[in-house]
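The structure appears right after this line, and notes come after that.
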Amino acid sequence: MPQEGNTRVMEQFDTLDVSAVLNLESALVRDGASRQVLPAAVPLIRDCKMKAKEKYQSDVWLEIEHLNKGIVREDPRSSSVAPCDTTTSAVAQCETDPVENILDQNLKIKFYISSGSASPSSHSGDEADPVKNKSHQFFLTSFTAPTKCHQCTSLMVGLIRQGCACDACGFSCHTTCVEKAPRACPVPSQQKRGTLCVDVQEGMGTAYEGHVWIPKKAGVKKGWQRALAIVCDFKLFLYNMEEEKGSKPNVVVSQVIDMRDGAFSVSSVWPSDFIPVRRKEMSRMFKVTASQLSAPSNRYSVPILADSENDKCEWVGVLSDLHRMLRKSHSRDRSVYVLKEAYDSSLPLIKTTQTAAIIDHKRIALGNEEGLFVVHVTIDEIIQVGDMKKIYQIELIPHGQMVAVISGRSHHVQLFPMLALDGRKTDIHKLAETKGCHTMTSGTVCQGAHTCLCVARKSQVFCYELFQSKKISHRKFKELQIPANVQWMAIFSEQLCVGFQSGFLRYPLRREGSPYRMLHSHDPTLSFIVHQPVDALCAIEISSIEYLLCFKSIGIYTDSRGLRSRPTELMWPATPTYCRYNAPYLSVYSENAVDIFDVNSMEWIQTVPLKKVRPLNSEGSLNILLSETIRLIYFTNKMTYGDELVFPETSDSHQKQMVRHLHSKRRYSFRVPRGKERLPIGL
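So the sequence shown is numbered by the working numbering: it starts at 8 and just counts up by one.
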C-alpha cells in the first residue's frame with residue numbers, strides 16, 4: 008500500500024514542469040521548518056505565562072498584606088500612589104491612568120473590589136480583571152467641587168485626596184466606605200442610597216442642600232454672594248460660588264456652623280435685628296446663630312437670603328426639625344474649648360500685639376511694636392521690660408529661668424533672666440549671630456541637664472547651649488543647613504524637628520549624625536507631597552513611634568522610620584494659615600474659623616466661628632481677634648480642672664487708661680484716672 012502511494016506521487020511530479028517542482032519543494036521545506044520550531048516554542052511560551060501569572064498573584068497578595076498594614080506599594084508604572092482604608096476583601100492593584108501627569112493635582116490610586124473571597128490558589132490575572140467581573144475600579148481622587156459619599160451620603164471634606172471614585176461607573180465614596188460599597192459595577196438602582204439620608208444615632212449623612220445667598224466679605228451693605236448650602240453631619244456647610252453662570256463651588260468651606268453648639272438656633276429676620284437690608288429682602292431672609300465667646304457673652308449670626316419666601320420657610324423648617332431631632336437623640340457635645348476674653352479689650356497694648364505668653368495664672372507677657380510688657384490681670388498693673396522695641400516672638404525658658412525674644416528691626420535674639428518680668432533691672436544678653444532670624448524654639452537635652460535654644464535664619468539653624476549664673480552666657484554647639492527655608496521647628500525627645508516645604512527632618516542634638524527623614528522616600532504612598540510642593544505647618548509627637556505631619560493641604564501620620572503609620576489622612580475643611588497643638592487637640596486656623604481635631608481618634612470635634620483670629624503663642628491658648636473690637640482671647644479647655652489663667656471682669660468701656668506710676672517710668676496702672684497729678688499716656 009505505501010508503495011502504490013509513492014508511485015502515484017511520482018507520476019504527479021512527472022506532469023509538472025521543473026519550475027513548479029522547485030516551488031513545491033521550497034514550500035515543503037518552509038512548512039517542515041515551522042513544524043519543528045513550534046513544538047520547541049510552546050513550552051517556552053507556557054513557561055512565560057506561568058511566571059507572569061505567579062508574579063501577578065504574588066504582587067496581588069503582597070498588596071493585600073500591605074493594605075492590612077495601612078501601606079500601599081507603588082506599581083512600577085505608577086508615579087504616585089495613595090493609601091486606602093480597606094481589608095482583605097479588597098484586592099488592590101496600584102496603577103495610574105497613562106494620561107495623568109505626575110504633577111496633576113488629581114492624584115489617584117486604582118484598586119479593584121472583588122465580589123467574593125479570594126485565595127492565592129484561586130486568583131489569577133484573568134479572575135481579577137475588573138471588566139470581566141464587573142468590579143469597581145476605584146481611584147483615590149482629589150475632587151475640585153463639594154462631593155458627597157454615595158455610600159454614607161456625608162460630604163467628603165478636604166482640600167485634596169478626599170475620597171475614591173470608580174473609573175467605570177462614577178461611584179464616589181470615602182476611603183473608609185470602600186469596603187461597604189456595593190460590589191456590583193455599576194451599582195444596581197435598588198442598592199443606591201438617596202443623596203439625602205441621615206443616621207441620627209451616628210450623626211452622619213446629608214439631610215438637605217440648596218443654593219442660597221450669604222453676605223460678601225465686606226458685609227451685607229456690600230451685597231450678597233451666591234453659595235451652596237449643605238446640611239451634613241448636623242453641620243451647616245456654606246461654599247462660596249463665583250458669580251458666573253454655571254460656576255461650581257470650590258472645595259474650600261467658607262463657613263461651618265455646628266448644630267451641636269449649645270447656642271445654635273435658626274429663625275427669621277425681623278426689623279428689630281437691625282440688619283441693613285432692603286425691606287423686600289426681609290421676607291426671604293433667615294439667620295443661623297452659634298456661640299462665639301462665653302465671657303463676655305457673644306454670639307455669632309449668619310444672615311442667609313433664600314431665593315423665595317417658600318425656600319426660606321423650608322430651610323428654617325428643616326434646620327429646626329434637625330436640631331430638635333439632635334437634642335432628642337442626646338448626642339454628646341464633643342466640643343473642647345470655651346472662649347473667654349483674657350483681658351479688657353480697651354487696653355491700648357492689645358491692639359498692636361504680635362506675640363504673647365502666659366507667665367503664670369495671674370500674668371501675661373505681651374509683645375508689640377512698643378516693646379515687651381507684663382500685664383498683671385488681677386491688679387491691673389503693667390510693667391515694661393527693658394528698652395526693646397518691636398517684639399516678634401516670646402519664648403519662656405523655665406528650666407533655665409530665662410526669657411528669649413526676637414526683637415528690633417534687625418530681628419536679633421535677646422536673652423534676659425525671668426526676674427526682669429517682675430520689673431527688676433537686669434542685663435540683656437544679645438546673640439549677635441542671629442541677626443535676621445525669624446523663629447526659635449527651646450528645650451532640654453541629656454535628661455534635662457542642659458538647656459538649648461535653636462534659632463532659624465532662612466535655611467540655617469543655630470543651636471546654642473545656655474548657661475545661667477551671675478550672667479547669661481551661651482555656647483554654640485551645632486549649626487545646621489536645612490534643605491529649604493525653615494517654616495516651623497520644635498524640640499521633642501532631645502531631637503530638633505524642622506519643617507520646610509514638603510518635608511520634615513529630625514536632627515539629633517546630643518550627638519553628631521545624619522538627620523532622620525520624617526517622610527521617607529521609600530514609601531511611595533507619600534510621594535505626592537514631594538511632587539506637589541506644599542508648606543509645612545507643624546509636626547506633633549503623638550508617641551515615641553508616631554508623628555502627625557501637618558501640611559497646608561493635608562495631615563499625614565508617620566512612624567519613626569518616616570513610613571505611613573495610618574492609612575487615612577487628616578482633612579482640612581478650609582485652607583489653614585496656622586496650626587497649634589495642645590495635647591491631644593490640634594487647632595487649625597483658617598480665614599473664617601478655628602477647627603479642632605483630636606489627633607488620636609482623628610475626629611473633627613469642634614468648629615469655632617471666629618474670623619480674623621491669629622494665635623499668639625505656640626499652644627494656641629492665647630489668640631488675638633482682629634474684629635471691629637480687637638480682643639485678646641483665651642481658649643479654655645473644658646476637660647481640664649482649673650484654668651491656666653485668672654479671668655477678670657471685662658468690658659468694652661474706654662474710660663480706663665494706662666496711668667504711669669509717680670516713682671517708676673516702667674510701671675503703669677490700667678484704671679480710670681482719679682487726679683490730674685498722674686499723667687495719662689497713650690501707647
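Idealized CB from N, CA, C, for every residue including glycine.
A quick note: this is a predicted structure, and the numbers were derived from the prediction, not measured.
For E610, DSSP records a beta bridge to D605.
Counting every other CB atom within 10 Å of its CB across the protein chains shown gives M646 a total below 16, marking it as exposed. Taken atom to atom, the span from the alpha-carbon of I561 to that of C459 is near 31 angstroms. At the C-beta level, P583 and Y596 come within 9 angstroms of one another.
Pairing G569 with N492, the inter-Cα distance amounts to about 21 angstroms. When C-alpha distances from I357 are compared across E377, A270, S336 and A234, the shortest belongs to E377. With contacts defined by Cβ atoms closer than 9 angstroms, V227 and L245 do not form a contacting pair. Distance between P616 and V601, taken at the CA atoms: about 7 angstroms. Per the C-alpha coordinates, the member of Q391, Q539 and M266 positioned closest to R341 is M266. As DSSP reads the structure, P310 sits in a beta bridge with K294.
Comparing C-alpha distances from G269 to each of H445, F178, D314 and V343 shows the shortest one belongs to V343. Membership of D265 in the beta strand (DSSP E) is indicated by the continuous run Q262 to D265. Note on geometry: alpha-carbon atoms of N644 and S625 lie some 16 angstroms from one another. Contact check for L438 and H419: beta-carbon distance about 7 angstroms, within the 8 angstroms limit, so the pair qualifies. Counted as a single uninterrupted DSSP element, the alpha helix (DSSP H) harbouring M289 occupies residues R286 to M289.
9 angstroms or more divides the Cβ of V468 from the Cβ of I547.
No Cβ-Cβ contact shorter than 9 angstroms links A172 with K141. Counting only runs that start and end inside the segment 364–440, the beta strand (DSSP E) elements of at least 3 residues fall at 370–375, 378–383, 388–392, 398–404, 409–414, 419–424 and 436–438. Distances from the alpha-carbon of V258 to those of H527, F293 and M578 put M578 closest. The Cβ-Cβ distance between D314 and V219 falls below 9 angstroms. For the pair S301 and L346, the CB atoms are nearer than the 9 angstroms cut-off. In the three-state reduction of the DSSP assignment, F271 falls in the coil class.
Going by C-alpha positions, E348 is about 37 angstroms away from Y471. Within the same chain, Cβ atoms closer than 6 angstroms to the Cβ of A175 are found at Q144 and C192, the five residues on either side in sequence being excluded.
Per the coordinates, the alpha-carbon of S336 lies some 43 angstroms from the alpha-carbon of A497. For N317, the enclosing alpha helix (DSSP H) begins and ends at E316 to K335.
Inclusion of V452 and E519 in the CB contact set at 9 angstroms is not warranted, their separation being larger than that value. Taking a 10 Å sphere around the C-beta of D240, we find 16 or more other C-beta atoms and assign the residue as buried. Straight-line measurement puts the Cα of S414 at about 28 angstroms from the Cα of T385. Among the bridge pairs identified by DSSP, L633 is matched with I637. In this structure T636 does not touch S304 by the C-beta definition: roughly 14 angstroms separates them, more than the 8 angstroms allowed.
By the CB criterion at 9 angstroms, K397 and R416 fall inside the cutoff. In the three-state DSSP reduction, K358 falls in the helix class (H, G or I).
In the structure shown, the three-state DSSP call for H668 is coil.
For H218, the enclosing beta strand (DSSP E) covers residues M211 to K223. The residue among E598, R674, S676 and V323 with its C-alpha nearest the C-alpha of E216 is V323.
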